[in-house]
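Below you'll find the structure, written out as structure tokens, and then a few comments.
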Amino acid sequence: MDEKSELLRKRQEKMKTLQDMGVALYPNDVTVTATTGSVIDRFAGMDNEELTAVTERVALAGRLMAVRNFGKAAFINIQDREGRIQGHVARDKVGRDRYSLFKKFDVGDIVFISGGLLKTRTGELTVDADEIRLLSKSVKPLPEKWHGLTDVEARYRQRPLDLIMNPGVKEVFYTRSRIIQLIRDFMQARDFLEVETPMMQPMAGGAVARPFKTYHNTLDMDLYLRIAPELYLKRLIVGGLERVFEINRNFRNEGISTSHNPEFTMMEFYQAYATYEDLMVMTEEMITAVAMEIFGSLQFAYQGTEINLSRPWQRLTVKEAILKYSDAAPGVLEDRAQAAQYAQDRGLPVDDDEPLGKIIVAIFEEVAEAKLIQPTFVTSYPIEVSPLSRKSAADGGFTDRFELYIYGRELANAFSELNDPEDQRNRFAMQLKEREAGDEEAHEMDEDYISALEYGMPPTAGEGIGIDRLVMLFTDSPSIRDVILFPHMRAKRNPR
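Straight run, no breaks: the sequence shown in our numbering ends on number 1531.
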């Protein structure tokens, strides 16, 4: 029998012994009045003389993380959502029977402890127990070497253990929740209405991406998990809501990487009577406001690189970014044949009928994207890759659109919205041709959305911000899996 099986056997024997003694292994009849954090905040600054004068008993519960036995007494560590605190359990204080029962507890059990407070000779605040009870028996032992795991996938697959054993992981998700709340407060303070739109849609729209497809039996129709809420949010603009936002889950049937997960969170918003330039200013204000709340500064380190969010942020067109970060001559970006040759020289595939705009974006992604470390708005995207964006008045081949990059990653995508129904129909028709040519991510014709536009949509700007990537940045997390509680993983195959 291996060591793990032996430990499991011993725990099962203890459980049987406790049950035979009439001890409930999973009771639910205690009242918790404190957390480790609240006790430490209130009493850590007191010395033993001051603590002796405190008549209040604290009652808290948590996971038993360590036990140090000294015969007739023991020191324990208890962990709850706010941290850890030490407890002192003495036979003379809790009684011989309860102490004997306590000796059968295991590391990993959920326990209740109550009593007064003292400080040890080393100055550690300690709950001096007059009562300790078992609340939930841990059948499996906690791992001893979890911190040394080299296979990070084991942490993602066993997130409950990861949260128990690594306090820093828990902090990431508290920070994530705080970031989302700060964004929500920011939007609501500017008179934006938070809404909910369908997650199952009869047509996958609002982005260029491959959807997940399902089938509804009663309706007898195919449905798609949304790749973006955009077309529904813009229908609300048509309906007169004027300022709307949604913190939403999107689903894209695409690759998995350190910055991509098939299911991810975005905050998408639309503002009537605004332009993409207005949203650049608003985006700066939003992200710097969140940074100040998280860091108290606009400068912080991400993966060893200093990031400076001080405004104004750099602004470059797609073409300017290519010229700045590569050896391309300006004329290369004006001629399809030259652009195609330049792309192919860098190992990029180019189809015979691929338009110049798509080639330019492919070159940008290859030569410039990774070099945009400090916050940069990249503007003037070609019309071929922007089926829902308003044409630029200065050059009809490009659009009033920006993407925000920090540390070489796209964090936001925004544009002045296309609100001309005829132009929108023509754009969808362009996308249909690409779809017929084999591009599975190209947009379909959405007659219902065009019909909504025909009632008149005011001039509008809209934006989507990747919440997961923003959390990565603000928690110094190298992978998107570090900021998603349960990231999607390849199924484990049992060895034959």
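Ideal Cβ placement from N, Cα and C applies to all residues, glycine included.
{"Check": "If we ignore side chains and look at the alpha-carbon of each, how far apart do Leu1505 and Gly1339 end up?", "Outcome": "17 angstroms"}
{"Check": "Kindly list the residues whose CB is nearer than 6 angstroms to the CB of Glu1445, restricted to its own chain and excluding five residues on each side of it in sequence; keep chain order.", "Outcome": "Glu1438"}
{"Check": "What first and last residue would you give for the beta strand (DSSP E) that runs through Asn1104?", "Outcome": "Val1093 to Asn1104"}
{"Check": "Per the DSSP calculation, Gly1431 is bridged to which residue(s)?", "Outcome": "Answer by DSSP bridge pairing: none, since Gly1431 is not bridged."}
{"Check": "Give the single residue among Phe1221, Leu1276 and Gln1379 whose Cα lies nearest to the Cα of Met1321.", "Outcome": "Phe1221"}
{"Check": "Check for me: the alpha helix (DSSP H) holding Leu1333 runs from which residue to which?", "Outcome": "Taken as a continuous stretch (DSSP letters only), Leu1333 belongs to no alpha helix (DSSP H), as it is neither H nor E."}
{"Check": "Inspect the CB distances between the stretch 1086 to 1102 and the stretch 1063 to 1076 and report whether three or more fall short of 8 angstroms.", "Outcome": "yes"}
{"Check": "Considering only residues of the same chain and omitting the five flanking positions on each side of Val1065, which have a CB-CB separation below 8 angstroms?", "Outcome": "Ala1094, Ala1096, Phe1147, Arg1168 and Leu1170"}
{"Check": "Would you call Met1301 buried or exposed, if buried means 16 or more other Cβ atoms sit within 10 Å of its Cβ?", "Outcome": "buried"}
{"Check": "Quick one: is His1251 buried, meaning 16 or more other Cβ sit within 10 Å of its Cβ, or exposed?", "Outcome": "exposed"}
{"Check": "Would Tyr1311 and Asp1435 qualify as a contact pair, given that the criterion is a beta-carbon distance under 9 angstroms?", "Outcome": "yes"}
{"Check": "Looking only at its chain, what residues have a beta carbon closer than 6 angstroms to the beta carbon of Gly1241, apart from the 5 residues adjacent to it on each side?", "Outcome": "Ala1263, Glu1265 and Leu1266"}
{"Check": "State yes or no: is the C-beta of Pro1237 within less than 9 angstroms of the C-beta of Leu1260?", "Outcome": "no"}
{"Check": "Nearest to Gln1466 by CA position, among Phe1299, Val1420, Gly1431 and Ile1272, is which residue?", "Outcome": "Val1420"}
{"Check": "Three-state secondary structure (DSSP) at Thr1300?", "Outcome": "strand"}
{"Check": "Are Lys1128 and Gly1143 closer than 9 angstroms when you measure CB to CB?", "Outcome": "no"}
{"Check": "Measure from the alpha carbon of Lys1138 to the alpha carbon of each residue in Glu1159, Phe1105, Glu1117 and Thr1157, then state which is nearest.", "Outcome": "Phe1105"}
{"Check": "Pick out the complete alpha helix (DSSP H) segments inside the stretch 1376 to 1430, 4 residues or longer, and give them in chain order.", "Outcome": "1391 to 1402"}
{"Check": "Once you ignore the five residues that flank Gly1331 on each side, which residues in its own chain have a CB closer than 6 angstroms to its CB?", "Outcome": "none"}
{"Check": "May I have the straight-line CA-CA distance separating Arg1126 from Phe1140, to the nearest angstrom?", "Outcome": "14 angstroms"}
{"Check": "Considering Cα atoms alone, identify which of Ala1101, Leu1086, Glu1206 and Met1200 is closest to Thr1155.", "Outcome": "Leu1086"}
{"Check": "Quick one: what's got a C-beta closer than 6 angstroms to Arg1469's C-beta in the same chain, skipping five residues either side?", "Outcome": "Looking at the sequence itself, residue 1469 is Glu, so the reference to Arg does not match. Contacts found: Ala1477."}
{"Check": "When the Cα atoms are used, what is the spatial distance from Thr1414 to Gln1306?", "Outcome": "19 angstroms"}
{"Check": "With DSSP collapsed to three states, give me the class of Met1321.", "Outcome": "helix"}
{"Check": "What does the alpha-carbon distance come out to for the pair Pro1530 and Gly1473?", "Outcome": "For Pro1530, the pLDDT reaches just 49, beneath the cut-off of 50, and the residue's location in the model is therefore unreliable, although a value from the coordinates is still provided. Roughly 38 angstroms separates the two Cα atoms."}
{"Check": "Quick check: what's the CA-CA separation for Pro1522 versus Arg1192?", "Outcome": "8 angstroms"}
{"Check": "One question on the structure: do Gly1443 and Ala1405 come within less than 9 angstroms of each other, judged by their Cβ atoms?", "Outcome": "yes"}
{"Check": "Compare the Cα-Cα distances from Leu1228 to each of Glu1475, Thr1253 and Phe1304 and report the closest residue.", "Outcome": "Phe1304"}
{"Check": "Excluding the 5 residues preceding and the 5 following Val1109 in the sequence, name in chain order all residues of the same chain whose CB lies nearer than 7 angstroms to its CB.", "Outcome": "Checking the sequence shown, residue 1109 turns out to be Ala, not Val. For Ala1109, where only same-chain residues beyond five positions count, the Cβ hits under 7 angstroms are Val1102, Arg1103 and Val1124."}
{"Check": "Give the DSSP bridge partners of Asp1115, in chain order.", "Outcome": "Gly1118"}
{"Check": "Output the distance between the C-alpha atoms of Val1230 and Asp1511, rounded to the nearest integer angstrom.", "Outcome": "30 angstroms"}
{"Check": "With respect to the alpha helix (DSSP H) encompassing Asp1127, which residues constitute its N-terminal and C-terminal limits?", "Outcome": "Arg1126 to Val1129"}
{"Check": "Which one of Pro1513, Ile1519 and Glu1489 has the shortest CA to CA distance from Ile1502?", "Outcome": "Ile1519"}
{"Check": "If you draw a straight line from the C-alpha of Ala1164 to the C-alpha of Ile1111, how long is it?", "Outcome": "10 angstroms"}
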